[in-house]
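Everything below concerns the one structure shown next.
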Amino acid sequence: EDTVPYRRFPTLPAANFPNTEKLYNQQTKQNSDVVVPSFDPVEPRMDSSKLPLTGKAIADMAAQKWEMATNPSELAKVGRSSNRNQPTLNPKSAKPTRIFRITPNISQVESAVVIDAIYDQVMDLFGEPVPPEYRQQHLDSQLRNGEISVRQFVKALAISNTYSQRFYQPYPPAKVVELLFRHLLGRTPNTHGEVQTYQQLLAGQGLEAVVTAMVDSSEYARFFGEDVVPYQRVSQGV
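Residues 224 to 461 in this note's numbering are what the sequence shown spells out, letter by letter.
Structure follows, in structure tokens:
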């Protein structure tokens, strides 16, 4: 009964407040402008397309759209209902794993290829050239001369200071065990039980004991024997 009415606004988003006030002023005749109020959103002060990351994303999307329009991929063509003028897409089979092995009459050139394959697998080089500091010259020479087998080479390389500095010292025990599975048996651990078993061996007897257990295992003998370089038998990832 005692309060003088005052101007108040319904609760609306702050971004639309200027438009709401304009409409209110028109309806209450508080100004003489004949203006049709608009509820268009207020423009931001900064153009988002000029921001570094946003601008790059817009440019990348435009480039990708242009590339798809000018050079459509073969996979995109498969989805067309009719494509008589284009050859059909022949699906490619998965690339087979190349197996390296030492044979009785292997040449020096082929022997060098096998040695590089051992370093590539055990030292995880992803096909890159073998760094000179990784090479164990005495092992290279013994394998070329037939004094040791591939299995003995693999074992000696995995317990070397070079391997230890690259994979054993920087990582926690569980990761070390996973890496040894990949490098020596060509697979990731099947269960956490496998990891725990070898992790306990690693903690109790050290790196050499785990390497010996894996390289002398029946699994290693079944898949690689004495003369085959270990290879990835399953896809990567736990």
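Using N, Cα and C, we set each Cβ at its ideal position, and we do this for glycine too.
- V399 sits close to L425, with the two beta carbons spaced by under 8 Å.
- For H361, the enclosing alpha helix (DSSP H) has its first and last residue at 360-367.
- Residue environment: Q287 is assigned as exposed (fewer than 16 neighbouring CB atoms within 10 Å of its CB, all protein chains considered).
- With a threshold of 16 other beta carbon atoms within 10 Å, M284 falls short and is exposed.
- Per DSSP, the continuous alpha helix (DSSP H) segment holding H415 begins and ends at 415-428.
- The beta carbons of I322 and Y421 sit no closer together than 8 Å.
- If only uninterrupted alpha helix (DSSP H) runs of at least 4 residues are considered, those enclosed by the region 326-403 are 331-345, 360-367, 373-381, 396-403.
- Following the DSSP letters along the chain, one finds S441 inside the alpha helix (DSSP H) bounded by residues 441-446.
- Taking each of N328, R324, D347, V345 in turn and checking the Cα distance to V336, the smallest one comes out for R324.
- Beta-carbon to beta-carbon, H406 and D343 are separated by about 10 Å, too far to satisfy the 8 Å threshold.
- Beta-bridge pairing by DSSP links R324 to V451.
- Nearest to Y357 by C-alpha distance, out of Y386, Q331, E401, D450, is Y386.
- The region 411-418 makes no contact with the region 355-369: fewer than 3 CB pairs, one atom from each, lie closer than 8 Å.
- The beta carbon of V373 is closer than 8 Å to those of R324, I325, V337, I341, L366, F447, E449, D450, V451, V452 in its chain, skipping five residues each way along the sequence.
- Residue nearest to G409 within the set Q428, G427, D339, T320 is T320 (criterion: CA-CA distance).
- Proximity to V377 across S330, L403, P395, V345 peaks at V345, based on C-alpha coordinates.
- Separation of N328 and S334 (C-alpha to C-alpha, rounded to the nearest whole angstrom) is 10 Å.
- Assignment of R405 by DSSP, reduced to helix, strand and coil, places it in the helix class.
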